[in-house]
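S.K.: So that you can map any letter, position 28 of the sequence shown is 151 in the numbering used here, and since no number is skipped, the others follow by simple counting.
Note that the Cβ used here is the ideal one computed from N, Cα and C, for glycine as well.
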Amino acid sequence: MIETKLDLFDLVPKAETFRKTSRRVRSVASAPPKPGAELVQEFGKILGEKLESLIDVTQTSERMARDFAAGKVENLHEVMIAGAKADLAIETAVQVRNLAVRAYQNLTTMR
Numbered sequence: 124m125i126e127t128k129l130d131l132f133d134l135v136p137k138a139e140t141f142r143k144t145s146r147r148v149r150s151v152a153s154a155p156p157k158p159g160a161e162l163v164q165e166f167g168k169i170l171g172e173k174l175e176s177l178i179d180v181t182q183t184s185e186r187m188a189r190d191f192a193a194g195k196v197e198n199l200h201e202v203m204i205a206g207a208k209a210d211l212a213i214e215t216a217v218q219v220r221n222l223a224v225r226a227y228q229n230l231t232t233m234r
């Protein structure tokens with residue numbers, strides 16, 4: 124069994140970082156098209172949608188944690204599941220980012 128340390132309140136700074144990244148991706152995706160840029164725009168659109176989904180998951184987790192702390196939610200397991208989903212979504216996004224950075228670095232060294 125895999126044990127993970129889950130601190131729901133650590134998700135807030137991570138979610139803010141992804142909000143900023145999402146804004147930057149949207150600005151790149153809305154830039155005027157250049158020749159052969161259709162795929163880049165499509166990738167930017169998909170990435171933006173996934174970042175919005177990530178933000179929704181983390182906001183839901185944060186809201187449920189606050190509601191649980193305030194006594195509005197009695198089911199701790201639902202709060203923990205929402206936190207685990209948010210944590211997994213953030214970790215997945217970080218790994219995708221790491222792969223994209225590595226791919227970019229490989230492309231720049233090929234020149």
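Name the two residues that bound the continuous alpha helix (DSSP H) containing residue 208.
M.R.: Here the alpha helix (DSSP H) through residue 208 covers 199-233.
S.K.: Mind the definition here: the segment 178-193 touches the segment 219-227 only if three or more C-beta pairs lie below 8 angstroms; say whether that holds.
M.R.: Too few Cβ pairs lie closer than 8 angstroms, so no.
S.K.: So the candidates are 230, 216, 227 and 233; which of them puts its Cα closest to the Cα of residue 175?
M.R.: Per the Cα distances, 216.
S.K.: Go through its chain and collect everything with a Cβ distance to residue 162's Cβ below 6 angstroms, but skip five positions before and after it.
M.R.: Once the five neighbours on either side are set aside, residue 162 has no close Cβ partner at all.
S.K.: Please name the residue in 227, 202 and 144 whose C-alpha comes closest to that of residue 170.
M.R.: The shortest C-alpha separation from residue 170 is found at 144.
S.K.: Closest to residue 201 by CA distance: which of 164, 214, 173 and 186 is it?
M.R.: Per the Cα distances, 186.
S.K.: How big is the Cα-Cα spacing for residue 196 and residue 226?
M.R.: If you take the alpha carbons of residue 196 and residue 226, they lie about 43 angstroms apart.
S.K.: Let's see if you can read the secondary structure: which residues bound the alpha helix (DSSP H) around residue 163?
M.R.: Per DSSP, residue 163 belongs to the alpha helix (DSSP H) from 161-192.
S.K.: So, with DSSP's three-state summary, where would you put residue 195?
M.R.: DSSP places residue 195 in coil when its eight states are reduced to three.
S.K.: Given that a residue counts as buried once 16 or more other Cβ atoms are within 10 Å of its Cβ, and exposed if not, what is residue 204?
M.R.: Per the 10 Å Cβ criterion, exposed.
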